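Peer 1:
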Amino acid sequence: MPSAKVTNGVAPAKMAVEGDDPDPAFDPFRRKDRYGTMGRAQQPWTEYARLILLSLTLLPFKALGALAGVLLAYFTSIISWFIPMPQREAFLEVMLKVSARLVLFATGFVSIQRVKVDGGHGSFVASNTQGKRKLARSQRRGRELRQPVAVGAILSNHIGWADILVHMSAWLPSFVARNDTASLPFIGVTSVAMGCLFVDRDKGAQGKTVNKDFVGVAMQVKQRMEDVASGKGAHRRPILLFPEGTTTNGDYLLNFRTGAFIAGVPVQPTILKYGPSRVSPAWETIGGALHIWLMLTNPLHSVTIYELPVYIPSEEEKRNPRLYADNVHAVMLKHSNLLQSSSGFQEKRVYHAKLRGLPPPPPAVPSSANLQSGGGTRVDKKTE
Numbered sequence: 020m021p022s023a024k025v026t027n028g029v030a031p032a033k034m035a036v037e038g039d040d041p042d043p044a045f046d047p048f049r050r051k052d053r054y055g056t057m058g059r060a061q062q063p064w065t066e067y068a069r070l071i072l073l074s075l076t077l078l079p080f081k082a083l084g085a086l087a088g089v090l091l092a093y094f095t096s097i098i099s100w101f102i103p104m105p106q107r108e109a110f111l112e113v114m115l116k117v118s119a120r121l122v123l124f125a126t127g128f129v130s131i132q133r134v135k136v137d138g139g140h141g142s143f144v145a146s147n148t149q150g151k152r153k154l155a156r157s158q159r160r161g162r163e164l165r166q167p168v169a170v171g172a173i174l175s176n177h178i179g180w181a182d183i184l185v186h187m188s189a190w191l192p193s194f195v196a197r198n199d200t201a202s203l204p205f206i207g208v209t210s211v212a213m214g215c216l217f218v219d220r221d222k223g224a225q226g227k228t229v230n231k232d233f234v235g236v237a238m239q240v241k242q243r244m245e246d247v248a249s250g251k252g253a254h255r256r257p258i259l260l261f262p263e264g265t266t267t268n269g270d271y272l273l274n275f276r277t278g279a280f281i282a283g284v285p286v287q288p289t290i291l292k293y294g295p296s297r298v299s300p301a302w303e304t305i306g307g308a309l310h311i312w313l314m315l316t317n318p319l320h321s322v323t324i325y326e327l328p329v330y331i332p333s334e335e336e337k338r339n340p341r342l343y344a345d346n347v348h349a350v351m352l353k354h355s356n357l358l359q360s361s362s363g364f365q366e367k368r369v370y371h372a373k374l375r376g377l378p379p380p381p382p383a384v385p386s387s388a389n390l391q392s393g394g395g396t397r398v399d400k401k402t403e
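Take the position in the sequence shown, starting the count at 1, then add 19; the result is the number in this note's numbering.
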């Protein structure tokens, strides 16, 4: 009998629950850690004893450390309003990054590595006429193109809730967040200080009513990206966007939506890869409370942030967001060694329904301008 397949560095006791569907379309959303699908994999009694012991000893200290990080961010945000610009931005930049790093450290992320991928701007140009001309110019003006470029957004693959904290500790970007996030205890004050763009599912940014296509939200994101890239707006932080539109198990890169590319401004592609662990940071098929508990009872986690060169779109890509999205996707796929999948949020919904013994959800409505951003806010036409 063949040995159990080792995934994420750990041989799981049982990878699937009864009713799990082997359809390859669901592969990007399968949980791959010791606790298996929905966190229900059968464990030996020693594992249950271990979890109980760590819940009584390690978890309280981790929870207190994470709370300390949240409180530091909260008081930092309040104090910042009494500091004049531009000193305020510098103060927030330092202190909120420290706060995010403290929460990560308390959660168990002792190792956070940041790696710059030296791909050169030339490798980030589309294979079209405009792209070839730009590549030739970049080779002649290498020194000029190596100068810092203002970007409108930071793009990342999306794996779980820890992604937000990891990017905060590295970049301190702003996010697109639910409208009610601003009123949440502690987190709300911090999100306002960071310049987050608040949206409502049925309304546009800042509460302006828009049609059911949510076009107003996409246009607000576009405007923010243009303002940040040009340096003309009130906000200076690029927005963190997850162009896949949903999370995966960390082994795949789904096709990109176009919402993050309609502004036609330079973007900063990044790739997150979490290290082997008993429990995966991927937020797939598992409840939030159970996942956080398992993460806090696991002593150590690790993550690497791969910072790819800034992608500067060609004139053709600026006119064609679909082309721009596909070309950035190809670059991120090339440099990440992730697997490509044509599955998306609809396949995830079907998979989750099957796991729970529910009827399949209705097909999602296609959207011409959709995206998902930091904070997990979906602002497209898909029904959930």
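Glycine is no exception: its CB is placed at the ideal position from the N, C-alpha and C atoms.
Please read all numbers here as calculations on a predicted model, not as lab measurements.
Grab me the residues of A92's own chain with a C-beta within less than 7 angstroms of its C-beta, minus the 5 sequence neighbours each way, in chain order.
Peer 2: To locate residue 92, count along the sequence shown from 1; it is residue 73. Leaving aside the five residues that flank A92 on each side, the residues in its chain whose CB is nearer than 7 angstroms to its CB run, in chain order, L115, S118, T209.
Peer 1: Would you call the region 311–320 and the region 182–197 in contact, with 3 or more CB pairs under 8 angstroms?
Peer 2: The answer is no - the region 182–197 does not touch the region 311–320, with fewer than three Cβ pairs under 8 angstroms.
Peer 1: DSSP on R243, reduced to helix/strand/coil?
Peer 2: Indexing the sequence shown from 1 puts residue 243 at position 224. R243: helix per DSSP, three-state reduction.
Peer 1: Kindly provide the ranges of any beta strand (DSSP E) runs that are 3 or more residues long and lie completely inside the region 324–370, ordered along the chain.
Peer 2: DSSP assignment within the region 324–370 yields the following whole beta strand (DSSP E) runs of 3 residues or more, N-terminal first: 358–360.
Peer 1: Between the region 361–375 and the region 262–272, do at least 3 Cβ pairs fall closer than 8 angstroms?
Peer 2: Yes, since at least three Cβ pairs between the region 361–375 and the region 262–272 fall closer than 8 angstroms, the two stretches touch.
Peer 1: Taking the beta strand (DSSP E) that P288 falls in, what are its first and last residues?
Peer 2: Your numbering for residue 288 matches position 269 in the sequence shown. That run of the beta strand (DSSP E) goes 286–293.
Peer 1: Classify K367: buried if its beta carbon has 16 or more other beta carbons within 10 angstroms, exposed otherwise.
Peer 2: On the sequence shown, residue 367 is found 348 positions in, with the first residue counted as 1. Classification of K367: buried, given that the 10 Å Cβ count is 16 or more.
Peer 1: Given this structure, state the Cα-to-Cα distance separating S130 from L272, to the nearest angstrom.
Peer 2: Along the sequence shown, one-based indexing puts residue 130 at 111. Along the sequence shown, one-based indexing puts residue 272 at 253. Their Cα atoms are separated by approximately 24 angstroms.
Peer 1: Just verifying my parser: in three-state terms, what is the DSSP assignment at S417?
Peer 2: Residue 417 is absent from the structure shown; the chain starts at 20 and stops at 403.
Peer 1: Roughly how many angstroms separate the alpha carbons of D39 and D46, rounded to a whole number?
Peer 2: Working through the sequence shown from its first residue, we reach residue 39 at position 20. Working through the sequence shown from its first residue, we reach residue 46 at position 27. If I take the Cα positions, the gap works out to 11 angstroms.
Peer 1: Taking all protein chains shown into account, do 16 or more other C-beta atoms lie within 10 angstroms of the C-beta of Q158, making it buried, or fewer, making it exposed?
Peer 2: The residue given as residue 158 occupies position 139 in the sequence shown. At Q158, the pLDDT of 39 sits below 50, so the modelled position is not reliable; the number obtained from the coordinates is stated separately. Exposed.
Peer 1: Could you check if W100 is buried or exposed, using at least 16 other CB atoms within 10 Å of its CB as the buried criterion?
Peer 2: Taking the sequence shown and counting its residues from 1, one reaches residue 100 at position 81. Exposed is the call here.
Peer 1: Helix, strand or coil for R276, going by three-state DSSP, please let me know.
Peer 2: Here residue 276 is taken as the residue at index 257 of the sequence shown, counted from 1. In the structure shown, R276 sits in coil (DSSP, three-state: anything other than H, G, I, E or B).
Peer 1: Looking at the unbroken alpha helix (DSSP H) that takes in R69, where does it start and where does it end?
Peer 2: The residue labelled residue 69 in the question sits at position 50 within the sequence shown. Here the alpha helix (DSSP H) through R69 covers 64–99.
Peer 1: Hey, would you say V298 sits closer than 8 angstroms to L313, going by beta carbons?
Peer 2: Your numbering for residue 298 matches position 279 in the sequence shown. Your numbering for residue 313 matches position 294 in the sequence shown. Yes. Within cutoff.
Peer 1: Identify, in the order they occur along the chain, each residue of the same chain with its Cβ nearer than 8 angstroms to the Cβ of I71, setting aside the five sequence neighbours on each side.
Peer 2: Translated into the one-based positions of the sequence shown, residue 71 becomes position 52. There are no such residues.
Peer 1: Three or more C-beta pairs closer than 8 angstroms, one from the region 282–302 and one from the region 173–182: is that the case here?
Peer 2: yes
Peer 1: Going along the chain, which residues of its own chain have a beta-carbon closer than 6 angstroms to the beta-carbon of R120, five neighbours each way excluded?
Peer 2: If you number the sequence shown from 1, residue 120 lands on position 101. Cβ within range, chain order: S188.
Peer 1: Look up A196 in the DSSP assignment and say whether it is helix, strand or coil.
Peer 2: Position 177 of the sequence shown, counted from the first residue, corresponds to residue 196. Residue state, collapsed to three classes: strand.
Peer 1: Could you please give the first and the last residue of the uninterrupted alpha helix (DSSP H) stretch that includes L185?
Peer 2: Position 166 of the sequence shown, counted from the first residue, corresponds to residue 185. Going by the sequence as given, residue 185 is Val instead of Leu. It spans 181–189 - the alpha helix (DSSP H) in which V185 sits, taken as one unbroken run.
Peer 1: Would you call M104 buried or exposed, if buried means 16 or more other Cβ atoms sit within 10 Å of its Cβ?
Peer 2: To locate residue 104, count along the sequence shown from 1; it is residue 85. That one is exposed.
Peer 1: Let me check one thing: in DSSP terms, what residues is L125 bridge-paired to?
Peer 2: Translated into the one-based positions of the sequence shown, residue 125 becomes position 106. It is worth fixing the name first, because residue 125 is Ala in this sequence and not Leu. DSSP, once it has assigned bridges, lists no residue as partnering A125.
Peer 1: Take H254 as the anchor and find which of A212, G278, V218 has the nearest alpha-carbon.
Peer 2: Taking the first residue of the sequence shown as 1, we reach residue 254 at position 235. For the residues A212, G278, V218, the minimum Cα distance to H254 belongs to A212.
Peer 1: Please state whether the Cβ-Cβ distance between P382 and A372 is less than 8 angstroms.
Peer 2: Translated into positions along the sequence shown, residue 382 becomes position 363. Translated into positions along the sequence shown, residue 372 becomes position 353. It is not a contact, given that the beta carbons lie outside the stated cut-off.
Peer 1: Alpha carbon to alpha carbon, how far is E245 from H354? Give it in angstroms, no decimals.
Peer 2: Taking the first residue of the sequence shown as 1, we reach residue 354 at position 335. Taking the first residue of the sequence shown as 1, we reach residue 245 at position 226. Distance between the alpha carbons of H354 and E245 is about 27 angstroms.
Peer 1: Go ahead and pull the three-state DSSP assignment for S130.
Peer 2: Locating residue 130 in the sequence shown gives position 111, counting from the first residue. S130: strand per DSSP, three-state reduction.
Peer 1: S333 to Q359, Cα distance in whole Å?
Peer 2: For the purposes of this step, residue 333 is taken as the residue at position 314 of the sequence shown. For the purposes of this step, residue 359 is taken as the residue at position 340 of the sequence shown. If I take the Cα positions, the gap works out to 24 angstroms.
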